[in-house]
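Numbering (my numbering), first residue to last: 250 to 729.
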């Protein structure tokens, strides 16, 4: 673009003062245009007048209304009034679904009330996605609950005409009172995200969602084994479920067993699960028939549409991984994301994983961090790395790879790889430079790099000199 920032130019031309407003060209989607004004400032490049229209859509043909800004500055009634004015003039003339994103700013009830008339009379029936993550931080309990009740009132009263499909409530301290307060709102969306919201067994017992729920994310809640048993009983009821995230919920082995049994029962009638995340659970290796890994494998074997599997820190070891890979093979799933970090896979695990990956070349994201992989384990993985053309992101961080292993990686470029993560890996600055010349994004620990060993070149020169001296001595001896 000849050094010009197209988005800033458009904002300047159209006199758009909202710094959060964005224009996005979407050549492959249905487009909604905003025409250029008849007058163009003389500083604009000469080619711009030919661009008659600009797209101001976000992805998926939806407009985004948001209040992004300094999270340390709470929303005031003045800011809320300004936002309403901007949204009305800039976005409402276009009859498309809306993403309302109020996340990461503190919203008091009196400020939300400024939005009430605007939402209820104008757009509540058009809101497809509501993002209200982390909006009550720092508020006392009663104030926070009052703010949350606003959304239940606005959307609950419009439930018959609501088009709300996606609801994000992450990082709000809901607890059982918040879940009860949001009863109507929580039953609207097909996709529900409740990560780090203070969920417990008691709050899950009162949680009510629509029976045709398609995705639920419950990660980072200290739900514990008893709460996991509640979730395990709910899973078979959600017959349309496609996404389950249950990462970091401390289920222990007992709770992990309940979750996996619920998944196994659920997938018998619902073969449409696409994304399973049970990170930080206790699946175990499978040497005991009661280990939860057997139940998860039963669920996976019944999930031909599975695309993403996250079993990071699940105590698998090579035998547990083998059971998973066998289930994946049986399901004929075409995985695009496989995350198995933190499972002590070592050389044996790399050998088994490579065999699977060579036969199922669809994986785009592969995470193998913290698996005690040494040079020999990397050698086992190399045949896959040399052949894959689909892999876009690879994480080998926090293994036992040293400079010799990194040199091996430098000798075999991975086709189409975009992101290579190698934190806590022994390597030299020169090796980092070489990696960055090979791949667009290399993530390493800058402060822990080894200095390049200049003595290597000196040693090689000395060896060459010694070889010459030896040869000269042999020639002299032959001449005598």
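Glycine residues also receive a C-beta, built at the ideal position from the N, C-alpha and C atoms.
The structure displayed is predicted, hence computed values, not measured ones.
(request) Alpha carbon to alpha carbon, how far is residue 473 from residue 391? Give it in angstroms, no decimals. (result) 26 Å
(message) Let's see if you can read the secondary structure: which residues bound the beta strand (DSSP E) around residue 464?
(response) 464 to 466
(message) Rounded to the nearest angstrom, what separates residue 479 and residue 454 at their Cα positions?
(response) Per the coordinates, the alpha-carbon of residue 479 lies some 7 Å from the alpha-carbon of residue 454.
(message) What does the alpha-carbon distance come out to for the pair residue 560 and residue 370?
(response) 45 Å
(message) According to DSSP, is residue 624 part of a helix, a strand, or is it coil?
(response) helix
(message) Taking contact to mean 3 or more Cβ pairs, one atom from each stretch, closer than 8 Å, check whether the region 388 to 405 and the region 325 to 335 are in contact.
(response) no
(message) Taking only three categories from DSSP, how would you classify residue 303?
(response) With a pLDDT of only 32 at residue 303, under 50, the local geometry of the prediction cannot be trusted, and the value read off the model is given with reservation. Strand.
(message) Once DSSP output is grouped into helix, strand and coil, what is the label at residue 576?
(response) helix
(request) Mind reading off the beta-carbon distance from residue 623 to residue 659? Whole number of angstroms is fine, and I expect it under 8 Å. (result) Contact flag wrong, Cβ pair sits at about 17 Å.
(message) Can you find the residues in the same chain that come closer than 6 Å, C-beta to C-beta, to residue 503, ignoring five residues on each side of it along the sequence?
(response) Only 474 meet the Cβ criterion.
(request) Assign residue 352 to one of two classes, buried (16 or more other C-beta atoms within 10 Å of its C-beta) or exposed (fewer than that). (result) buried
(request) Using only alpha-carbon positions, find the residue among 431, 598, 699 and 629 that is nearest to residue 674. (result) 699
(request) Please go through the same chain and pick out, in chain order, the residues whose beta-carbon is closer than 6 Å to the beta-carbon of residue 363, but skip the five residues on each side of it. (result) Within the same chain, residue 363 has close Cβ partners 326, 329 and 330.
(request) Would you be able to state if there are at least three C-beta pairs under 8 Å between the region 538 to 553 and the region 487 to 495? (result) no
(request) Quick one: measure Cβ to Cβ for residue 643 and residue 663, integer angstroms, because I've assumed they're closer than 8 Å. (result) About 7 Å; that satisfies the 8 Å criterion.
(message) Please state the DSSP three-state secondary structure of residue 451.
(response) helix
(message) Suppose the cutoff is 6 Å on Cβ atoms and the five residues either side in sequence are ignored; what does the same chain contact list for residue 614 look like?
(response) Close CB contacts of residue 614 within its chain, under the 6 Å cut and outside five residues either way in sequence, are with 586 and 642 (chain order).
(message) Would residue 535 and residue 562 be called neighbours here (beta carbons separated by less than 8 Å)?
(response) no
(request) Rounded to whole angstroms, what's the CA-CA distance from residue 600 to residue 629? Just pull it up for me. (result) 5 Å
(request) Classify residue 526 as helix, strand or coil using the three-state DSSP reduction. (result) The three-state secondary structure of residue 526, taken from DSSP, is strand.
(request) Measure the Cβ-Cβ separation of residue 441 and residue 413 and say whether it is below 8 Å. (result) no
(message) As an exercise, report each continuous beta strand (DSSP E) stretch of at least 3 residues that is fully enclosed by the region 538 to 584, in chain order.
(response) As summarised for the region 538 to 584, the continuous beta strand (DSSP E) elements at least 3 residues long and confined to that stretch are 557 to 559, given in chain order.
(message) On a Cα-Cα basis, can you pick out the residue from 606, 316 and 360 that is closest to residue 632?
(response) 606
(request) Starting from the Cα of residue 646, find the closest Cα among 661, 636, 668 and 619 and give me that residue. (result) 619
(message) Need the endpoints of the alpha helix (DSSP H) that residue 458 sits in, please.
(response) Run containing residue 458: none; DSSP gives neither H nor E here.
(request) Measure how close the beta-carbons of residue 346 and residue 377 come, nearest whole angstrom, since I'm counting them as under 8 Å. (result) The pair is a contact, with the Cβ atoms about 4 Å apart (cut-off 8 Å).
(request) Scan the region 345 to 396 and note each continuous alpha helix (DSSP H) run of 4 residues or more that stays entirely inside, going in chain order. (result) 358 to 367
(message) Here's a check: name, in chain order, each residue in its chain whose Cβ is nearer than 6 Å to the Cβ of residue 507, leaving out the five neighbours to either side.
(response) 477, 478 and 481
(message) Contact defined as beta carbons within less than 8 Å: I believe residue 425 pairs with residue 451. What is the distance between those atoms, to the nearest angstrom?
(response) 5 Å
(message) Considering just the uninterrupted stretch of the alpha helix (DSSP H) at residue 328, what are its terminal residues?
(response) 326 to 339
(message) Can you look up residue 509 in the DSSP assignment and give me helix, strand or coil?
(response) The answer is helix: DSSP assigns residue 509 an H, G or I state.
(request) Determine the DSSP secondary structure at residue 588, reduced to helix, strand or coil. (result) Note: residue 588 maps to strand in three-state DSSP.
(request) Report back the beta-carbon spacing between residue 468 and residue 494 to the nearest angstrom; my notes put them in contact at under 8 Å. (result) 5 Å
(request) Leaving aside the five residues before and after residue 509 along the sequence, list all residues of the same chain whose C-beta is less than 7 Å from its C-beta, in chain order. (result) So the list reads 541, 544, 545 and 548, once near-sequence residues are dropped.
(message) Considering just the uninterrupted stretch of the alpha helix (DSSP H) at residue 195, what are its terminal residues?
(response) The displayed coordinates of the chain run from 250 to 729. Any statement about residue 195 would go beyond what the structure contains.
(message) Excluding the 5 residues flanking residue 520 on each side, which residues of the same chain have their C-beta closer than 8 Å to its C-beta?
(response) 551, 552, 553 and 554
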